[in-house]
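Student: Residue numbers (our numbering): 1 to 315. The beta-carbon is built from N, C-alpha and C at its ideal position, and this holds for glycine as well. Below is a structure I'd like to ask you about.
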């Protein structure tokens, strides 16, 4: 049995996330307290009580990273280990933190800046993102090419077969979304995000992020990480910073990431952090694998029990 930890991305946040674990596990409390100290404000209060702030990108990102690391601390305490890690967009930072590449305090400060840079890169009313269900990669790429006569539009996330996100300038994205419906898309959904993430429009954020990343000292990963940019395994530590600089303005190759993990023999996927979006993408992409998630006491206990059962019934 081979296990991959998958870390949640932005959009999965909800008020109260991590609260149960905080109240019941000392290891989770420690994570939240360390984040509060590193950030100089209470991320705990934002996670547990402040919906408006929680949905602002510069707070969403450290909140999800903190909550994910709190869940991870509980899983580790219960003897759960993994062979590979990956994370969707922001979740890739959680994966590198979990793999020991970043210190947690360093990571939580970094993703707060990342969130701010992403928000400031494009004025709020200028960009948009839509998820398109039921069309393949080639069709979406063609529609984006046609839609570009109205402005910039491009694929931003290849999440799963028939689940692709497009992003860019508002009018061009809206026109492309309409064209997708006419082409037979099963569903087109506007995403509640503050900008056209993972497109060339985020280049200003990428440049600012580069200044922050280039001064960091990274450690070697203790567990291999699959990167969003290529959907392949990161071969060495020197690659990580250039990949993260590109990541914010490149499409997320999540479907390729999952296929890479399958090729490497992974048969058990544990989604760590808020929500179950990644579990849904695994379900759409791979057959005959075990999909688990951990975000509260109920899911944590179920995952721990199932994982130990499958892993020869013991630690």
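1) Cutting at 8 Å between CB atoms, please list the residues of its own chain near residue 234, excluding the five before and the five after it.
2) According to DSSP, which residues form a beta bridge with residue 353?
3) Using beta-carbon positions only, say whether residue 273 and residue 295 come within less than 9 Å of one another.
4) Answer yes if the stretch 20-39 comes into contact with the stretch 113-131, meaning at least three C-beta pairs across the two stretches below 8 Å, and no otherwise.
5) Using the C-alpha atoms, what's the distance from residue 77 back to residue 315?
6) What residue range does the beta strand (DSSP E) around residue 188 cover?
7) Give the DSSP-derived three-state secondary structure of residue 7 in the structure shown.
8) Which word fits residue 186, buried or exposed, when buried means at least 16 other C-beta atoms lie within 10 angstroms of its C-beta?
9) Tell whether a beta-carbon distance below 9 Å holds between residue 246 and residue 266.
10) What is the DSSP secondary structure of residue 14, counted as helix, strand or coil?
11) Return the residue from the list 179, 159 and 36 that minimises the CA-CA distance to residue 280.
12) Which partner residues of residue 286 appear in the DSSP bridge assignment?
13) For residue 305, is the classification buried or exposed, using 16 other Cβ atoms within 10 angstroms of its Cβ as the cut-off for buried?
14) Please confirm if the stretch 201-211 is in contact with the stretch 174-189, defined as three or more CB-CB distances below 8 Å between the two stretches.
15) May I have the straight-line CA-CA distance separating residue 51 from residue 15, to the nearest angstrom?
16) Can you give me the C-alpha to C-alpha distance between residue 171 and residue 152, rounded to a whole angstrom?
17) Can you tell me whether residue 2 is buried or exposed, with buried defined as 16 or more other CB within 10 angstroms of its CB?
18) Please check if any C-beta of chain B sits within less than 9 Å of the C-beta of residue 289.
19) Can you tell me which of the three DSSP states residue 119 falls into?
20) Look at the alpha carbon of residue 308 and the alpha carbon of residue 176, and state the distance between them as a whole number of angstroms.
21) So, are the CB atoms of residue 63 and residue 106 less than 9 Å apart?
22) Going by beta carbon distance, what residues of the same chain come within less than 7 Å of residue 251, once the five residues before and after it are set aside?
23) According to DSSP, residue 127 sits in a beta bridge with which residue or residues?
24) Closest to residue 249 by C-alpha separation, out of 196, 71 and 58, would be which residue?
25) Among 56, 166, 17 and 291, whose alpha-carbon lies nearest the alpha-carbon of residue 71?
Tutor: Looking at the coordinates:
1) As a working note, residue 234 is residue 234 in the chain shown. The answer, listed in chain order, is 221, 224, 225, 226, 227, 240 and 243.
2) No statement about residue 353 is possible, as the shown extent of the chain runs from 1 to 315 and does not include it.
3) Along the chain shown, one-based indexing puts residue 273 at 273. Along the chain shown, one-based indexing puts residue 295 at 295. Yes.
4) The count of Cβ pairs closer than 8 Å, one atom from the stretch 113-131 and one from the stretch 20-39, stays below three, leaving the stretches out of contact.
5) As a working note, residue 315 is residue 315 in the chain shown. As a working note, residue 77 is residue 77 in the chain shown. Confidence at residue 315 is low in this model, with a pLDDT of 43, below 50, so the placement of that residue should be treated as unreliable; the coordinate-derived value is given next. Their Cα atoms are separated by approximately 11 Å.
6) Sequence index remark: in the chain shown, residue 188 carries index 188 (1-based). Note, residue 188: beta strand (DSSP E), 187-190.
7) For the purposes of this step, residue 7 is taken as the residue at position 7 of the chain shown. In the three-state DSSP reduction, residue 7 falls in the strand class (E or B).
8) As a position in the chain shown, residue 186 is number 186, starting the count at 1. Looking at its Cβ environment, which holds fewer than 16 other Cβ atoms inside 10 Å, residue 186 is exposed.
9) Here residue 246 is taken as the residue at index 246 of the chain shown, counted from 1. Here residue 266 is taken as the residue at index 266 of the chain shown, counted from 1. In this structure, residue 266 does not lie closer than 9 Å to residue 246 by Cβ.
10) Here residue 14 is taken as the residue at index 14 of the chain shown, counted from 1. Three-state DSSP puts residue 14 in coil, outside helix and strand.
11) The sequence position of residue 280 within the chain shown is 280, counting from 1. It is 159 whose Cα lies nearest to the Cα of residue 280.
12) Here residue 286 refers to the residue found at position 286 of the chain shown. None; residue 286 has no bridge partner.
13) The residue given as residue 305 occupies position 305 in the chain shown. So residue 305 counts as exposed.
14) They do not touch, by the three-pair rule.
15) The residue you call residue 51 lines up with position 51 of the chain shown. The residue you call residue 15 lines up with position 15 of the chain shown. Each residue's Cα considered, the two are about 6 Å apart.
16) Numbered from 1 along the chain shown, position 171 holds the residue referred to as residue 171. Numbered from 1 along the chain shown, position 152 holds the residue referred to as residue 152. When the Cα atoms are used, residue 171 and residue 152 turn out to be separated by approximately 9 Å.
17) For the purposes of this step, residue 2 is taken as the residue at position 2 of the chain shown. So residue 2 ends up on the exposed side.
18) The structure shown has no chain B; it contains just one protein chain.
19) Here residue 119 corresponds to residue number 119 of the chain shown, with the count starting at 1. If DSSP states are grouped into helix, strand and coil, residue 119 belongs with the helices.
20) Within the chain shown, numbered from 1, the residue matching residue 308 stands at position 308. Within the chain shown, numbered from 1, the residue matching residue 176 stands at position 176. Rounded to whole angstroms, the separation of the alpha carbons of residue 176 and residue 308 is 47 Å.
21) Along the chain shown, read from residue 1 onward, the residue named residue 63 stands at position 63. Along the chain shown, read from residue 1 onward, the residue named residue 106 stands at position 106. Their beta carbons are not under 9 Å apart, which means residue 63 does not touch residue 106 by this criterion.
22) On the chain shown, residue 251 is found 251 positions in, with the first residue counted as 1. Result list for residue 251: 155, 156, 157, 158 and 198, in chain order.
23) As a first step, residue 127 must be located in the chain shown, where it is residue number 127. Looking at the DSSP assignment, residue 127 forms a beta bridge with 169.
24) In the chain shown, residue 249 corresponds to position 249, counting from 1. By alpha-carbon distance to residue 249, the top candidate from 196, 71 and 58 is 196.
25) Residue numbering aside, residue 71 sits at position 71 when the chain shown is read from its first letter. Of 56, 166, 17 and 291, the residue nearest in Cα terms is 17.
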